[in-house]
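Letter by letter, the sequence shown follows residues 590 to 992 of this note's numbering.
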Amino acid sequence: MHLQLSSDERAFQGEVRAFLDQVDPDLMRRERINASFLSDFDVNRAWHNALYARGWAAPNFPVEHGGTGWTPTQLYIFETELARAGAPPLWGAGIAMVAPVLLRYGSDEQKARLIPRILSGEDYWCQGYSEPGAGSDLASLQMRADRDGDDYVLNGTKIWTSHAHVSNKIFCLVRTTRLPKRQQGISFIIFDMDLPGITIQPIRTMDGSHEVNQVFFDNVRVPAENLIGAENDGWTVAKYLLEHERGGFIYAPRLRQRLHRAIQVAGATRTDNDSALDDPLIANRLAQISMDLDAFEMVELGMVAKLQAGTDLGVGASIAKLRGSEIRQSISEIVTDILGPESLYFAPDQLAEAHDFQDPLEQARAMATQVYLQDRAFTIFGGASEIQLSIIGRNVFFAATTS
């Protein structure tokens with residue numbers, strides 16, 4: 590899909606490109622050899638600092654809180670240029686998830702204290718939602734927060750906590766009361782990660798990386814003033830946050846670049862005198878992915894417009910999460926199929942030294958397995974695909990029965 594840009598939008602595109610030309614090329618190189626959807630923490634920090642210095646760290650924020658005031662088209666141009674340059678994504682649980690919650694449900698004091706630190710990158714956040722017995726079925730969470738004077742005392746554990754080992758802040762769903770309906774009695778609370786009683790245990794995933802952790806809380810005392818929203822109404826806050834987690838990122842431009850690289854790999858992979866692109870089955874699959882991506886881009890553009898207008902994303906967030914995850918997996922699957930046995934090289938710690946990553950084919954051979962394994966998680970974390978289908982189905986059924 591190609592946007593028809595006005596003269597002002599083309600000037601903005603040039604401004605973004607000029608900025609990217611000045612970025613430390615080592616950041617781009619390190620991002621290029623990153624198979625994960627999360628950037629390395631040091632890369633993330635340096636990239637955020639560069640964006641913050643330019644005033645572009647939080648495009649979706651209201652202008653009065655440090656946002657850019659860009660139109661939806663400008664935001665999409667920005668993300669497209671970042672993807673084309675191979676820049677790290679605008680990842681940040683603080684900016685993408687915590688800040689929207691604070692702006693909607695936080696007190697004036699909480700906004701004044703926390704939003705500037707999120708914007709500057711001074712605070713780096715992790716998410717305390719999933720538990721060993723409560724993943725997609727999040728309402729089954731058991732971690733307790735018992736009121737004791739001016740504090741809550743937290744006991745329990747969270748799991749699959751991305752970047753907990755490098756974060757200084759966490760936002761958690763905790764059970765403050767037991768009520769008949771599981772979604773009731775849940776509260777949303779934020780606190781520092783260096784409080785006494787917090788233990789972080791790393792989890793090494795099957796692709797060889799350490800991004801996620803299990804975090805244990807043993808009589809951790811958190812000031813009651815750190816509660817966001819009303820006690821026992823955390824489910825309302827959590828649902829709003831999940832809309833931003835599932836639909837608050839723009840994925841299509843980066844998926845488009847991944848598809849472009851897959852086509853390059855197909856063109857460079859030869860059997861006898863033919864490339865993989867000459868195989869009608871491969872060509873058909875690539876064309877189907879491209880069409881799926883065109884449709885997905887239209888969904889994302891609509892969601893960007895909603896975000897800019899301050900409108901709830903609603904079921905659109907589930908549609909974006911579902912289709913974005915599936916398209917991502919379809920790209921890594923076809924690259925693996927094109928390369929065949931050559932995709933089986935798997936030595937993540939040696940990637941930077943062992944290969945010339947200016948060559949798309951050599952890069953694909955080195956990273957295909959790790960990328961494939963990483964991408965399997967996309968239909969699980971942030972709400973499994975089955976959960977998204979249930980949400981979409983309920984909304985369609987409700988609309989049909991009330992029309």
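Backbone N, C-alpha and C fix where the C-beta goes; we use that ideal spot for every residue, glycine too.
Predicted model only: the values in this text are computed from it and were never measured.
Can a CB atom of chain D be found closer than 7 angstroms to the CB of VAL904?
Looking at the structure shown, chain D is missing, and only one protein chain is on hand.
From GLU604 to THR662, what distance separates their C-alpha atoms?
14 angstroms
C-beta atoms of ASP964 and ARG912 nearer than 7 angstroms:
no
Assigned exposure category for SER729 - 16 Cβ within 10 Å defines buried:
exposed
How close, in whole Å, do the beta carbons of TYR829 and GLU889 come, if the pair is a contact with beta carbons under 8 angstroms?
Wrong, their Cβ atoms sit about 19 angstroms apart, outside the cutoff.
Am I right that TRP645 and THR657 are in contact with their C-beta atoms under 8 angstroms? What's the rounded C-beta distance?
6 angstroms
Exposed or buried, PHE667, counting other C-beta atoms within 10 Å across all chains shown (16 or more means buried)?
buried
Just verifying my parser: in three-state terms, what is the DSSP assignment at PHE580?
Past the boundaries of the shown model lies residue 580; the chain is included only from 590 to 992, so the question cannot be answered.
By the DSSP assignment, the alpha helix (DSSP H) with LEU609 in it spans what residues?
596-610
Helix or strand or just coil, what does DSSP make of ARG771?
coil
TYR735 - partner residues in DSSP beta bridges:
Here residue 735 turns out to be Asp, not Tyr, going by the sequence shown. For ASP735, which the question treats as bridged, DSSP gives the partners VAL742.
CA-CA distance, GLY982 and ALA642?
44 angstroms
What is the DSSP secondary structure of GLY929, reduced to helix, strand or coil?
helix
Whole-Å CB distance - ALA855 paired with PRO949, under 8 angstroms assumed
Rounded, the Cβ-Cβ distance is 10 angstroms, inconsistent with contact.
Counting beta carbon pairs with one atom in the region 818-828 and one in the region 914-928, are three or more of them shorter than 8 angstroms?
no
Could you tell me if GLY836 is buried or exposed, where buried requires 16 or more neighbouring beta carbons within 10 angstroms of its beta carbon?
Reliability of the predicted coordinates at GLY836 is poor, the pLDDT of 47 falling under 50, and no value is obtained from them.
Buried or exposed (CB count within 10 angstroms, at least 16 for buried), VAL985
exposed
Who does VAL755 pair with in a DSSP beta bridge?
Bridge partners of VAL755: none, in fact.
Rounded separation between SER719 and ALA734 - CA only:
16 angstroms
Do you know offhand how far SER864's Cα is from ALA876's?
16 angstroms
Candidates ASP712, ALA674, THR900, of which the one nearest GLY683 by Cα:
ASP712
Compute the Euclidean distance between the alpha carbons of VAL960 and ALA894, then round it to the nearest angstrom.
31 angstroms
Please name the residue or residues paired with GLN790 in a DSSP beta bridge.
GLN803
Just to confirm, is the Cβ distance from ILE923 to ALA851 under 7 angstroms?
yes
From PHE885 to LEU962, what distance separates their C-alpha atoms?
23 angstroms
Rounded distance between the beta-carbons of GLY717 and ILE759, thought under 8 angstroms:
5 angstroms
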